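S.K.: Heads up: the sequence shown runs through residues -24 to -1, 1 to 133, numbered per mature numbering (1 follows the signal peptide of the UniProt record, and there is no 0). Here's a structure for you.
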Amino acid sequence: MKLKNIILTVSFLGLMLFNTTLFAQDSNYNLIKKELTQKQIDLLQKEREVMKTNREAFKASLTTEQLAILKDKTISKTEMKQRLVATFSADQKNMVQSQQVRLRKTRESFRKTLTSEQRKMLKERIDKIRNSKDRGELKDGPRINNEKDKKVRNRGI
């Protein structure tokens, strides 16, 4: 009977720990979302939907040559981007440019709706993220690809 209780307790604790890490990012977004007005939330939600549809339309416009560039694991992300941009058609360039312009305008309009308290709260949260100890750093150097296309840490090789 004791063994069942121990197994049940360990399983429950494991489940709780897993759930807290699973919802960590979502909870940060919800904390910020609580400080926004409904109009601001609607603006962000509408823009998110437009971005999704634009992304899908752009993906549908990619040629087989462009898809091959994206799937090539032997080139760096920078080189991949350069090769891909070089193959863009006029329509694809217009799609990318219009999305960038739309994003800038949305940011400007969102900033105009923020109150001073909201600005302060967002600035504090962003600074906290930027100043966190291990933000964006990789342990033991940059990642490299191994033979099986899995990411592994560069351990001083």
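Virtual Cβ for every residue (Gly too), placed ideally from N, Cα, C. Quantities reported herein were computed from a predicted structural model and do not represent experimental measurements.
Could you check if residue 209 is buried or exposed, using at least 16 other CB atoms within 10 Å of its CB as the buried criterion?
M.R.: Missing from the structure shown is residue 209; the chain here goes from -24 to 133 and no further.
S.K.: Does the segment 68 to 88 come close enough to the segment 30 to 44 that 3 or more CB-CB pairs lie under 8 Å?
M.R.: Segments in contact, yes.
S.K.: Is it the case that the Cβ atoms of residue 60 and residue 46 are separated by a distance below 8 Å?
M.R.: The residue you call residue 60 lines up with position 84 of the sequence shown. The residue you call residue 46 lines up with position 70 of the sequence shown. Yes. Within cutoff.
S.K.: Between residue 14 and residue 97, what straight-line distance do the alpha-carbon atoms span, to the nearest angstrom?
M.R.: Counted from its first residue, the sequence shown places residue 14 at position 38. Counted from its first residue, the sequence shown places residue 97 at position 121. The straight-line gap from Cα to Cα measures roughly 17 Å.
S.K.: By alpha-carbon positions, which one of 40, 54, 90 ends up nearest to residue 8?
M.R.: Reading the sequence shown from its first residue, position 32 is the one you call residue 8. Among 40, 54, 90, the Cα nearest to that of residue 8 is on 90.
S.K.: Contact defined as beta carbons within less than 8 Å: I believe residue 42 pairs with residue 29. What is the distance between those atoms, to the nearest angstrom?
M.R.: In the sequence shown, the residue the question calls residue 42 occupies position 66. In the sequence shown, the residue the question calls residue 29 occupies position 53. 20 Å between Cβ atoms; not a contact.
S.K.: Could you check what DSSP says for residue 54 in three-state terms: helix, strand or coil?
M.R.: Numbered from its first residue, the sequence shown carries residue 54 at position 78. Here residue 54 sits in helix by DSSP.
S.K.: Take residue 19 as the anchor and find which of 51, 88, 57, 56 has the nearest alpha-carbon.
M.R.: The residue labelled residue 19 in the question sits at position 43 within the sequence shown. Answer by Cα proximity: 88.
S.K.: Out of 84, 93, 6, which has the shortest C-alpha to C-alpha gap to residue 23?
M.R.: For this step, residue 23 is matched to residue 47 along the sequence shown. When each option's Cα is compared against that of residue 23, the closest is 84.
S.K.: Give the secondary structure of residue 48 by DSSP, where H, G and I count as helix, E and B as strand, and everything else as coil.
M.R.: Within the sequence shown, numbered from 1, the residue matching residue 48 stands at position 72. Three-state DSSP puts residue 48 in coil, outside helix and strand.
S.K.: Does residue -4 pass the burial test, meaning 16 or more other C-beta atoms within 10 Å, or should it be called exposed?
M.R.: Position 21 of the sequence shown, counted from the start, is the residue given in the question as residue -4. Low per-residue confidence applies at residue -4: pLDDT is 49, beneath 50, and the placement is therefore not dependable enough to give any value.
S.K.: Give the single residue among 95, 82, 93, 106 whose Cα lies nearest to the Cα of residue 27.
M.R.: The residue labelled residue 27 in the question sits at position 51 within the sequence shown. Among 95, 82, 93, 106, the Cα nearest to that of residue 27 belongs to 82.
S.K.: Kindly give me the distance between the Cβ atoms of residue 86 and residue 16, rounded to whole angstroms, as I take these residues to be in contact under 8 Å.
M.R.: Locating residue 86 in the sequence shown gives position 110, counting from the first residue. Locating residue 16 in the sequence shown gives position 40, counting from the first residue. Going by Cβ atoms, the distance from residue 86 to residue 16 rounds to 7 Å, so yes, they are a contact pair.
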